[in-house]
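Note that the protein sequences, when read in sequence, are chains A and B.
Take 12 as the starting number for the first sequence in the working numbering and just add one per residue.
Take 1447 as the starting number for the second sequence in the working numbering and just add one per residue.
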Amino acid sequence: MAGQSLTPELGPTGAAAARPLPRAVGNRRIVAGLLIVMAGSVLFVAVQPGLYKAFCEWTGLYDIDRAERIAASALPARRVTLEFDANSHDNGLRFRPEIASLVASTGDIVHVTYRIENTRDTAVIGQAVPSYGPQHAGGYVKKLDCFCFKQQTFAPHEIREMPVVFVLDKKLPDDVNTVTLSYTFFEVPAGSVTASPKPAESRT
Amino acid sequence: MQASQHAAHAGHHEDDSHGHGPTGLMRWITTTNHKDIGSMYLWFSFAMFLVGGAMSLIIRTELLSPGLQYLSPEFYNQMLTLHALIMVFGAIMPAFVGFANWMIPMMIGAPDMAFARMNNWSFWLLPPAAILLTASLFVPGGAAGTGWTLYPPLSIQMGIGMDMAIFAVHILGMSSIMGSINIITTILNMRTPGMTLMKMPLFCWTWLVTAFLLIASMPILAGAVTMLLTDRHFGTSFFNAAGGGDPVLFQHIFWFFGHPEVYIIALPAFGVVSHVIPAFSRKHLFGYTSMVYAIAAIGLISFFVWAHHMYVTGIPLTGQLYFMYATMLIAIPTGVKVFNWVTTMWRGSLTFETPMLFALGFLVLFTIGGLTGLVLAMTAVDIQLQDTYYVVAHFHYVMVAGALFSAYAGLYYWLPKWTGHMYNEGLGKLHFWLSMIFFNIAFFPQHFLGLAGMPRRIPDYAQQFADFNMISSIGSFGFGFSQLLVLVVVFQAMKGGAKAEARPWDGARGLEWTVPSPAPHHTFEEPPPFDPAEAHG
């Protein structure tokens, strides 16, 4: 290749203009350009992890519930009356909420305590099951913690105070101004005691 | 003029008689001749094609009926991964590099590639990579079983076979980049005087754009697998969520390479077809300029559509819409090409020799594959079809019926020039019809399987998919075994047969047909005069 000097004498007259440079020089220039393109690609991929992170943080693209959170926080909070109720099924438990009702804002974290007393001389095992009034409001009561998540065992004459913590979703339909949270305590018959709560009972 | 001729001869250490060059095996190991290297690329790619094909038959044997018959799920995964990697990087890409090596210097009137020694090196990198890939089957834990996309977290958890695949990808990438540098330099700097870029044969144009795509995208794949490697062994967490990384980042980087890769395979196939169809229509290619712009447009857009492979990764709606429309945009330049080929044939004086049959098969089946691609581009549809056999059918229509058929068209078209003998036309046509029929038996039912919800990359399937899978497997066996006919045809043409003229196809244009058949070991040591009648446009 080096011995080839392909300057003007090549080819028919006028055609030499198509190749103004000696081939070796032209080759070197092209390779230099291509190596720059390649280096650009290498650089591009090298900065990707950082760029990707910055881009995701900037746009929040991969924070998948971000849009939902923003939409939710944009909703106005409103005042809703919360009523608390408790029932027990003739199982020797005295079961009632500390407070019968309160007014809270949607989006606030609400703490309520229920008090339960075993009036029997024997231990009682049971679990509280929630229900809601109106029924469709149940989906908007987001429980963070609840005694109803687990089975409870009460020693004879034990008195226990148990918390329920929840947030009332801001998306609560406008026509609902009062939400009633009602618990019924069922005794678990001896012999069918399970170590973990049944799926239906663990719902929030 | 005489001085330069003398210098040109002095620059070569071997002459036409090979009297001074190494002989036997060393001739092939040390050769810097573009024709030798082109042949080696083609033989290598055919060998890899048989290996990858055998793997696909193992896969289809397992899928012949529901349930697990012959393979463990792990081995099945390794088979489909190696099948894909070997076919993409070992068979299709080297095949077109082989065509480029053989034909580009002869098409532009250059004596050889610009960097002849680097050309030798880019070929001889391939066998080690192929050995790494196939040998990985025999190491503890087996080969990579992630699918060719090598997605983490699975690829971070695999055994040493994964590392071998990563190194194989590195080596193949280096080979491709060196080959591309060679091709671009050859095309830009070594055309015979008078052959301007817009008078250059279209195959050279497709390779010019392809080579740029390779240079820009291969380092990106190399970077992605290097990050995988450091995640696996050096405690980084680029893609490891447990360390703060994001596996989705890998998908972005992979497909930023992966989509141009699709066109790296498709564009040279377009180039070959753009030679074959005018030759057997006995017309100039219709719309040469629009073809060139379409190639460039496809190459450019291919870098901006990658996330259409990732609609279900949780990209936002705006992103999905952008990638959907951008992907559909590619249909426009591709449509320009398809219509130009059809218009080239319009009122042409058509004959249907084997190259033309394969080119027409390409045209029909590639268009089907392109249309299913458009279906998959639509986000709403893709969410349903993601990872089903519909996708498998789609990309086999563009990869096999597209790239492979086009490679066969090129093989039959230029075989007389390479061997000096006409091939056996009857066998060639038999090969075409068997391929055409069995290909469709193998892959068309997979559309239905995908629409019915059969997931890909799983060795077992539900009972209701049994019939179509049986048909598909039978088709794949037929397709696989009919490919052995090519070996017969090529060996026959190498050993003898009707003597081929310098221009065996009366409608063929281009400088490669001005040299005798078989092409002498050295051609165009002096740039030939450029005859505008040989130009394509």
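Here a beta-carbon is modelled for each residue, glycine too, at the ideal position from N, C-alpha and C.
Cut-off 8 angstroms between Cβ atoms - residues of its own chain near E1871 of chain B, not counting five sequence neighbours on either side: When the five nearest sequence neighbours on each side are left out, the beta carbons in the same chain lying within less than 8 angstroms of the beta carbon of E1871 of chain B are those of E1799, T1800, in order along the chain.
Chain B within 8 angstroms of P60 of chain A, Cβ atoms only: Chain B, which has a Cβ nearer than 8 angstroms to the Cβ of P60 of chain A, makes this yes.
Three-state secondary structure (DSSP) of S116 of chain A: The three-state reading of DSSP puts S116 of chain A in strand, counting E and B together.
DSSP three-state assignment for V1827 of chain B, whether helix, strand or coil: Here V1827 of chain B sits in helix by DSSP.
Test item: CB-CB of W1548 of chain B and G1593 of chain B under 8 angstroms: No, these two residues do not count as a Cβ contact at 8 angstroms.
First and last residue of the uninterrupted beta strand (DSSP E) at F1914 of chain B: That residue, F1914 of chain B, is in no beta strand (DSSP E); its alpha helix (DSSP H) goes 1912 to 1928.
Cβ contact (3+ pairs, closer than 8 angstroms) linking the region 1804 to 1817 of chain B and the region 1732 to 1741 of chain B: Judged by Cβ distances under 8 angstroms, the region 1804 to 1817 of chain B makes no contact with the region 1732 to 1741 of chain B, as fewer than three pairs qualify.
C-alpha gap between A1500 of chain B and A1581 of chain B, whole angstroms: Computed Cα separation, rounded: 15 angstroms.
Reduced DSSP secondary structure (H/G/I, E/B, other) of V1751 of chain B: Residue state, collapsed to three classes: coil.
Pair within 8 angstroms by beta-carbon distance, P1706 of chain B and L1659 of chain B: For P1706 of chain B and L1659 of chain B, yes; Cβs fall inside 8 angstroms.
Of the listed residues A:A85, A:R89, A:A50, A:V56, nearest to N188 of chain A (C-alpha basis): Among A:A85, A:R89, A:A50, A:V56, the Cα nearest to that of N188 of chain A belongs to A:R89.
Cα-Cα separation between F1884 of chain B and E1972 of chain B, rounded to whole angstroms: Distance between F1884 of chain B and E1972 of chain B, taken at the CA atoms: about 47 angstroms.
Interface flag, T1780 of chain B vs chain A, CB-CB below 8 angstroms: It does not: the Cβ of T1780 of chain B has no partner Cβ on chain A nearer than 8 angstroms.
Segment contact flag, the region 1830 to 1847 of chain B with the region 1769 to 1781 of chain B, C-beta cutoff 8 angstroms, min 3 pairs: Touching, no.
Distance, D1952 of chain B Cα to F1696 of chain B Cα: For F1696 of chain B and D1952 of chain B, the distance between alpha carbons rounds to 51 angstroms.
Under 8 angstroms between C-beta atoms of W1908 of chain B and K1645 of chain B: It is Ala, not Trp, that sits at residue 1908 of chain B in the sequence shown. Against a cut-off of 8 angstroms, the Cβ pair of K1645 of chain B and A1908 of chain B comes out as no contact.
Cα-Cα separation between G1605 of chain B and A1670 of chain B, rounded to whole angstroms: Take the alpha-carbon of G1605 of chain B and the one of A1670 of chain B: they are about 18 angstroms apart.
Short Cβ contact (8 angstroms threshold) for P1647 of chain B with G1956 of chain B: A contact, by the Cβ cut-off of 8 angstroms.
L1572 of chain B and F1490 of chain B closer than 8 angstroms at C-beta: Yes, the pair counts as a contact, with Cβ atoms nearer than the cut-off.
C-alpha distance - H1616 of chain B paired with A1668 of chain B, whole-angstrom precision: So the two alpha carbons sit approximately 6 angstroms from each other.
Nearest candidate by alpha-carbon position, reference G1921 of chain B, set B:G1467, B:M1472, B:A1493, B:L1503: The shortest C-alpha to C-alpha distance from G1921 of chain B to any of B:G1467, B:M1472, B:A1493, B:L1503 is the one to B:L1503.
Reduced DSSP secondary structure (H/G/I, E/B, other) of G1874 of chain B: Helix, per DSSP.
CA nearest to the CA of P1724 of chain B, picked from B:F1808, B:W1792, B:I1917: The residue from B:F1808, B:W1792, B:I1917 with its alpha-carbon nearest to that of P1724 of chain B is B:W1792.
Interface flag, M1985 of chain B vs chain A, CB-CB below 8 angstroms: This structure leaves residue 1985 of chain B out entirely; chain B is present only between 1447 and 1983.
Cutoff 8 angstroms: R80 of chain A Cβ touching any chain B Cβ: The C-beta of R80 of chain A comes no closer than 8 angstroms to any C-beta of chain B.
M49 of chain A at chain B interface by Cβ criterion, 8 angstroms: M49 of chain A counts as touching chain B.
Inter-residue CB distance, T1790 of chain B and K1729 of chain B (contact presumed, cutoff 8 angstroms): Contact holds; Cβ gap of about 6 angstroms.
Secondary structure of M1756 of chain B, DSSP reduced to three states: Here M1756 of chain B sits in coil by DSSP.
Y1843 of chain B burial status per 10 Å Cβ neighbour count (16 or more: buried): Counting the other CB atoms within 10 Å of its CB gives Y1843 of chain B a total of 16 or more, which places it among the buried residues.
At least three beta-carbon pairs within less than 8 angstroms, the region 1594 to 1602 of chain B to the region 1626 to 1639 of chain B: Because the criterion of three Cβ pairs below 8 angstroms is not met, the region 1594 to 1602 of chain B and the region 1626 to 1639 of chain B do not touch.
Cβ-Cβ distance between G103 of chain A and V135 of chain A below 8 angstroms: Less than 8 angstroms divides the Cβ of G103 of chain A from the Cβ of V135 of chain A.
6 angstroms Cβ shell around G1866 of chain B - same chain, five flanking residues per side excluded: Excluding sequence neighbours, G1866 of chain B sits near A1946, S1963, P1964.
Beta-carbon neighbours of Y63 of chain A, restricted to chain B and to distances below 8 angstroms: The answer, in chain order, is D1692, L1695, H1698.
Within chain B, partners of F55 of chain A - CB distance below 9 angstroms: Below the 9 angstroms Cβ cutoff, chain B contributes A1662, P1665, I1666, G1669, F1702 as neighbours of F55 of chain A, in chain order.
Nearest-angstrom beta carbon gap, D180 of chain A and Y151 of chain A [assumed within contact, 8 angstroms]: About 4 angstroms; that satisfies the 8 angstroms criterion.
Cβ distance (whole Å) where F1808 of chain B is taken to contact F1851 of chain B below 8 angstroms: Yes, F1808 of chain B and F1851 of chain B are in contact; Cβ-Cβ is about 4 angstroms, under 8 angstroms.
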